[in-house]
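Heads up: the sequence shown begins at 959 in this note's numbering, then just goes up one per residue.
Below is one structure, written out as structure tokens; comments come after it.
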Amino acid sequence: MIPLLLTWLLAPLLRLVAGRAPDEPQRLLVIQMAKIGDLLCTTPVFREIRRRHPRVHLSVMATAQNAPLLHANPQVDAVVVAEAKAFSGLGGKLRLVRLLRQGRYDTVVCLNAGAAYALAALWAGIPRRLAVQSNFGGASHRLAARLWSAVEPHRGDRLIQETYLALLTRLDVHGGRIDKEVFPASGGQERAQAVLGTGGAPLIGIGVASANRLKALGSEKIVDLARLLLAALPTAQLVLLGSREDAAQAAAIVRAIDETTAGTSPRRAVIDACGAASLAELPALLQRLTLFIGVDSGLTYMADAVGIPLVSVAGPCNMRETRPLGAAVVILQRADLPCAPCAHIFHAPYACRVGTRACVEDLSAAEISRAALALLGRRADGEGS
């Protein structure tokens, strides 16, 4: 709190030292340190800045996990890899100041909450400092918001991409699209073919896990869902998707399908692709799918970005502020729970406060299967294949 108060008192002098921003941004930094899904929701920002300011040098500060997705994005000139936890404490804030000064930026667009970014951008002498203001936050957050050149308050009833584009009007960026985009890495198509093969069977992807366990479907429900899908679509192949950390869960799911699906050979019907492709290669793999089923996660937003049909099990998440936007999307969510939604862009709980996870548990595998089959143009009785 002391660095914040000191900065607030010195702000007039620091603004004077920073000087005036150029009319056209020359070196611009977007700060997006959140998770994969949040980064994908930020891609309209890169695209629309580039559309209005084609000559700007556009850098993005992101985590090491997310950086590979940015390296393939043609809108982005440079990636600054950092971790938010490194900016805690006075020493961390000073490191952030040095990092910002090294970039010689005249404009910063911060899409994350946190006083450290407001302090560091001002101390680094960046003349134009724009930020989204969280709809969750205490006194220190409100005080830090006054250090930015301009802020755009986010509301829980507005898509986060709309908030981002409203902020960009300060850069003379008006209008624009809010759809996400992602670009496969070089070699991604070859990797996808190696994992999925060249057969013509329908490929239905299922996200195995979630970084936030509050949202997770759970292995039992995935097994039930797989059984229903394979019964309705006997020629289809299911593709289990996740990270290397999900491999043990995926293997157990395959074994359970083997035990509960009579008369089939699930080791041919199920492709365990957990950890089989890097993050940068995943877009190419997702492009090969006929349909994807997942919870509100980075994989689901990546599937939305590549434009494939998908079923999103929204669980506790506020779909008014972030959701898949594709033409062939079904969002499944309990609308009658007084406790939901409880998960928001700037406030994401990791445990159910009422202890039931009813928003996920009360949605059956049969409901998910019916939504998937409807998207595939098939009736729930499995006719045709």
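Cβ coordinates follow ideal geometry from the N, Cα and C atoms, glycine included.
When C-alpha distances from K1138 are compared across R1100, I1229, G1265 and T1314, the shortest belongs to G1265. Inclusion of G1233 and R1202 in the CB contact set at 7 Å is warranted, their separation being smaller than that value. Annotation for L1268: the continuous beta strand (DSSP E) segment containing it runs L1268 to V1271. DSSP places L1016 in no alpha helix (DSSP H) but in the uninterrupted beta strand (DSSP E) bounded by H1015 to A1020.
Judged by their CB atoms, T1000 and Q990 are nearer to each other than the 7 Å cut-off. Given a length threshold of 4 residues, each whole run of the alpha helix (DSSP H) inside the region 1097-1133 is given here in chain order: 1097-1103 and 1118-1125. Within the model, the alpha-carbon separation for A1025 versus A1044 is close to 17 Å.
Annotated three-state conformation of Q1060 is helix, per DSSP. In its chain, beyond the 5 residues on either side, L998, K1138, E1139 and V1140 have a beta carbon closer than 6 Å to the beta carbon of A1263. As computed with DSSP, H1302 is found in a beta bridge with H1305.
Judged by their CB atoms, I1118 and T1280 are nearer to each other than the 7 Å cut-off.
Here the region 1051-1065 makes contact with the region 1081-1092; the two share three or more CB pairs at distances below 8 Å. The three-state reading of DSSP puts L974 in helix, counting H, G and I together. With fewer than 16 other Cβ atoms from the protein chains shown falling within 10 Å of its own Cβ, I960 counts as exposed. Beta-bridge pairing by DSSP links A1036 to S1017.
Secondary structure of R1008 (DSSP, three-state): helix. The DSSP-derived three-state label of V1166 is coil. The closest CA to that of A1184, considering only Q1060, S1322, L1016 and G995, is found on S1322. Taking each of R1226, A1235 and A1306 in turn and checking the Cα distance to G1200, the smallest one comes out for A1235. With contacts defined as CB atoms closer than 7 Å, G1061 and L1172 fail to qualify as a contacting pair. Listed in chain order, the non-local C-beta contacts of L1054 below 7 Å within the same chain comprise F1045, A1074 and A1078, local neighbours out to five positions each way being set aside. When the alpha-carbon of T1314 is set against those of G1134, P1274 and K1179, the nearest one is in P1274. The C-beta of D1115 has fewer than 16 other C-beta atoms within 10 Å across all chains shown, which makes the residue exposed.
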